[in-house]
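The numbering of the sequence shown is my numbering, which starts it at 6 and goes up by one.
For every residue, glycine included, the Cβ atom is placed at its ideal position computed from N, Cα and C.
All figures in this text were calculated on a predicted structure; none of them were measured in a lab.
Structure, as structure tokens:
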Amino acid sequence: MPERAGGGVPPVVLSMGGSVLVTGDEDERFLPDLAALIRKVSSEFPLVITTGGGRVARDYIRLGRALGLTETELDELGIDVSRLNARLLAAVIGPPCPSHPPTSLAEAVREAHRSRIVVLGGTEPGHTTDGVAGLLAERLRAQRLVNATRVPGLFERDPRKDPSAKRIDRLDYAGFRKMIEASVAGTAGQQFVFDRLGLESLARGKIPLRIVQGRDLSNLERALRGEDFAGTEIR
Ligand code: UTP
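Structure follows, in structure tokens:
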């Protein structure tokens, strides 16, 4: 059953890609600015934030695969890195964000009823943190899910491989499902702008998804608030 946080204003879920959260480039400046933005908007609506594992998770998964680890063991490495990022972001945000990030969906839902800001990493093997964000958005009947990622939206083709690819500004879930199906292999460390599990949760819950470049904080703020923004909206 979907649940509504605190019976009040529905939350906004933010899926913060590991590759924008900790990049190795000016993180000391970016993280406090992101934390300030999160504290600011949390006075208007509760926020539930998932953090990805990014490059470090992918490096561990690549190494683990070369060493012959199972898919579950590889996923567990990715989960641990995403939790490390959650702990870092929670500490930079400070109170009222709990300093021990939840480790399961049930715990995250409970925490979302108690606190205006919740940060967590992955929960169980076989997902990504986007999937966790989608499941939570459905359970909490979120207003929207904002996916803060490396690229400034969803493109018709991978813009890193084809710089002439155009951004898709608006799309429905049926069209998005087709794009995911055409591009995802479903193994640990997979990379697409959003994952299949997250998409199905959002489509079921009729929750809009906004995809933005996560380092542009003024645009991220507009996307979180439901204002006009640069990026892709899927509904
Ligand atoms: P991420 O969610 O960080 O995947 O999890 P990602 O697509 O690399 O995201 P970015 O780049 O940070 O935005 C990293 C890996 O950890 C495992 C999966 O193997 C995933 O690919 N994982 C993560 C899980 O198995 N379960 C989870 O709940 C989260």
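What I want to know is whether the C-beta of residue i ends up closer than 7 Å to one or more non-hydrogen atoms of the ligand UTP.
{"i": "residue 64", "result": "no"}
{"i": "residue 107", "result": "no"}
{"i": "residue 206", "result": "no"}
{"i": "residue 78", "result": "no"}
{"i": "residue 99", "result": "no"}
{"i": "residue 118", "result": "no"}
{"i": "residue 87", "result": "yes"}
{"i": "residue 84", "result": "yes"}
{"i": "residue 29", "result": "no"}
{"i": "residue 75", "result": "no"}
{"i": "residue 24", "result": "yes"}
Under three-state DSSP, which class holds residue i?
{"i": "residue 52", "result": "strand"}
{"i": "residue 235", "result": "coil"}
{"i": "residue 43", "result": "helix"}
{"i": "residue 25", "result": "helix"}
{"i": "residue 154", "result": "strand"}
{"i": "residue 115", "result": "helix"}
{"i": "residue 20", "result": "strand"}
{"i": "residue 195", "result": "The predicted position of residue 195 is uncertain, since its pLDDT is 49 and thus under 50; no value can be drawn from it."}
{"i": "residue 216", "result": "strand"}
{"i": "residue 61", "result": "helix"}
{"i": "residue 258", "result": "No information on residue 258 is available, as it lies outside the stretch 6 to 240 that the chain covers here."}
{"i": "residue 149", "result": "strand"}
{"i": "residue 242", "result": "Outside the shown range of the chain (6 to 240) lies residue 242, about which nothing can therefore be said."}
Just the Cα atoms here: how many angstroms apart are residue i and residue j?
{"i": "residue 21", "j": "residue 220", "result": "10 Å"}
{"i": "residue 181", "j": "residue 104", "result": "35 Å"}
{"i": "residue 233", "j": "residue 63", "result": "33 Å"}
{"i": "residue 147", "j": "residue 154", "result": "19 Å"}
{"i": "residue 199", "j": "residue 66", "result": "19 Å"}
{"i": "residue 32", "j": "residue 23", "result": "12 Å"}
{"i": "residue 239", "j": "residue 215", "result": "6 Å"}
{"i": "residue 231", "j": "residue 130", "result": "32 Å"}
{"i": "residue 195", "j": "residue 52", "result": "Low confidence applies here, because residue 195 scores a pLDDT of 49, under 50, leaving its location unreliable; read the following figure in that light. Rounded to whole angstroms, residue 195 to residue 52 spans 26 Å at the Cα level."}
{"i": "residue 98", "j": "residue 169", "result": "38 Å"}
{"i": "residue 227", "j": "residue 46", "result": "10 Å"}
{"i": "residue 138", "j": "residue 72", "result": "30 Å"}
{"i": "residue 133", "j": "residue 127", "result": "7 Å"}
Is the Cβ-Cβ distance between residue i and residue j less than 8 Å?
{"i": "residue 106", "j": "residue 115", "result": "no"}
{"i": "residue 141", "j": "residue 113", "result": "yes"}
{"i": "residue 55", "j": "residue 110", "result": "no"}
{"i": "residue 164", "j": "residue 151", "result": "no"}
{"i": "residue 58", "j": "residue 83", "result": "yes"}
{"i": "residue 102", "j": "residue 120", "result": "yes"}
{"i": "residue 135", "j": "residue 210", "result": "no"}
Can you find a C-beta in chain B that's less than 8 Å from the C-beta of residue i?
{"i": "residue 91", "result": "In the displayed structure, chain B is absent; only one protein chain is listed."}
For residue i, collect the residues of the same chain with a Cβ closer than 6 Å to its Cβ; drop the 5 residues on either side in sequence, then sort them by chain order.
{"i": "residue 77", "result": "130"}
Excluding sequence positions up to five away, which residues of its chain have a Cβ less than 7 Å from the Cβ of residue i?
{"i": "residue 35", "result": "220"}
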